[in-house]
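Comments concern the structure below.
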Ligand code: DAH
């Protein structure tokens with residue numbers, strides 16, 4: 003008779019000793035949860051031992067019952083203590099791992115700037131795109147045909163002498179303006195069209211404060227039925243004012259082989275008239291060269307010197323600074 007309670011008592015005491023020990027050394031919260039289930043769960047160790055209580059006598063039962071409660075309390079107490087310890091360890095580890103030393107010096111990453119030339123190109127192209135223009139490009143190495151002939155420069159035309167051109171050994175040349183894009187684009191497309199094109203141009207100029215052998219132009223042109231000089235004027239005005247606000251503009255008669263009539267545009271800038279672009283109505287001979295019927299279609303075109311705009315806008319006194327790769331200079335912009 004007495005073997006049963008003694009047996010149960012020993013089992014309970016062993017259970018408490020091993021359980022408390024295992025719980026106190028559980029390495030993780032997951033392991034701890036597994037121990038809880040295996041000791042205190044419905045099918046756990048404690049339940050198994052208590053299953054034997056049915057065989058006890060009425061006198062023995064309270065004693066063993068009380069012991070069982072003590073074991074349960076000990077295990078539960080151990081579980082709670084270990085859980086609190088593991089959770090705090092976890093938080094401490096996390097805090098240590100995520101520590102941010104705000105006094106640590108930063109890592110220097112050099113920051114790039116947009117070059118004044120590119121900045122002007124971006125601004126001007128944006129304005130024309132806003133007016134519904136399409137962006138196009140053309141080659142810098144060009145044939146005589148696209149740079150001169152199709153643009154109505156006759157072989158003995160005096161305007162050819164005005165262009166000091168860099169020729170390649172095979173007779174091709176470095177384009178002297180972006181007007182070559184007009185011909186190339188018109189050959190590939192039918193009107194109506196509105197196009198803006200920028201890029202490098204080359205001339206055999208002696209380099210000084212206002213001349214460079216390599217420079218940038220922006221070309222714009224529009225062709226449709228019924229386009230007049232008034233459209234050109236309105237476009238130039240809209241473009242200049244988008245860039246410089248409500249400044250005074252004047253147009254002077256001029257000459258270009260590829261436009262008739264032609265004009266030069268001046269802008270009033272800090273008390274002076276500054277020449278900023280050439281433009282005109284596209285010459286019927288240019289339209290004919292690409293197979294457009296000048297009786298049906300008309301158009302205007304214009305060319306802008308990007309360096310000129312950059313020098314004015316950023317108050318740069320010498321064009322050579324724009325190509326000097328002098329970071330001290332370029333970082334200002
Ligand atoms: N190609 C001219 C130049 O290099 C600029 C120019 C003037 C372009 C009038 C045009 C234009 O399209 O209509 O000076």
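In the working numbering, the protein residues as written are 3 to 335. Just so it is clear, CB atoms sit at the ideal spot from N, CA and C, and this is done for glycine as well. These numbers were taken from a predicted model, which means no experiment stands behind them.
Is it the case that the Cβ atoms of residue i and residue j are separated by a distance below 8 Å?
i, j, result
"residue 221", "residue 183", "yes"
"residue 335", "residue 241", "no"
"residue 301", "residue 223", "yes"
"residue 127", "residue 137", "yes"
"residue 120", "residue 285", "no"
"residue 299", "residue 226", "yes"
"residue 70", "residue 14", "yes"
"residue 178", "residue 196", "no"
"residue 314", "residue 271", "yes"
What does DSSP give as the partner residue(s) for residue i in the beta ladder?
i, result
"residue 253", "267"
"residue 226", "300"
"residue 130", "DSSP, once it has assigned bridges, lists no residue as partnering residue 130."
"residue 279", "267, 306"
"residue 284", "261"
"residue 218", "202"
"residue 175", "144, 169"
"residue 1", "Residue 1 is absent from the structure shown; the chain starts at 3 and stops at 335."
What's the gap between the Cα of residue i and the Cα of residue j?
i, j, result
"residue 198", "residue 237", "13 Å"
"residue 23", "residue 83", "12 Å"
"residue 214", "residue 123", "17 Å"
"residue 262", "residue 109", "59 Å"
"residue 310", "residue 278", "7 Å"
"residue 151", "residue 157", "8 Å"
"residue 140", "residue 253", "28 Å"
"residue 36", "residue 43", "10 Å"
"residue 291", "residue 260", "11 Å"
"residue 74", "residue 61", "21 Å"
"residue 50", "residue 64", "18 Å"
"residue 4", "residue 56", "With a pLDDT of 43 at residue 4, under the threshold of 50, the predicted position of this residue should be treated as unreliable, though the coordinate-derived value follows. Taking the straight line from one Cα to the other gives about 14 Å."
"residue 166", "residue 146", "13 Å"
"residue 330", "residue 312", "17 Å"
Indicate the three-state DSSP secondary structure (helix, strand or coil) for residue i in the structure shown.
i, result
"residue 46", "coil"
"residue 310", "helix"
"residue 258", "strand"
"residue 24", "helix"
"residue 209", "coil"
"residue 323", "helix"
"residue 4", "Confidence in residue 4 is poor, its pLDDT being 43 and thus under 50, which makes the residue's placement too unreliable to answer from."
"residue 274", "strand"
"residue 55", "helix"
"residue 241", "helix"
"residue 191", "coil"
"residue 41", "helix"
Step through the CB atoms of chain C and report whether any lies within less than 8 Å of the CB of residue i.
i, result
"residue 304", "No chain C is present in this structure, which holds just one protein chain."
Measure the beta-carbon distance from residue i to residue j and round it to whole angstroms, keeping in mind my assumption that it falls under 8 Å.
i, j, result
"residue 320", "residue 211", "5 Å"
"residue 200", "residue 308", "7 Å"
"residue 180", "residue 293", "That belief does not hold up - the Cβ atoms of residue 180 and residue 293 are roughly 21 Å apart, past 8 Å."
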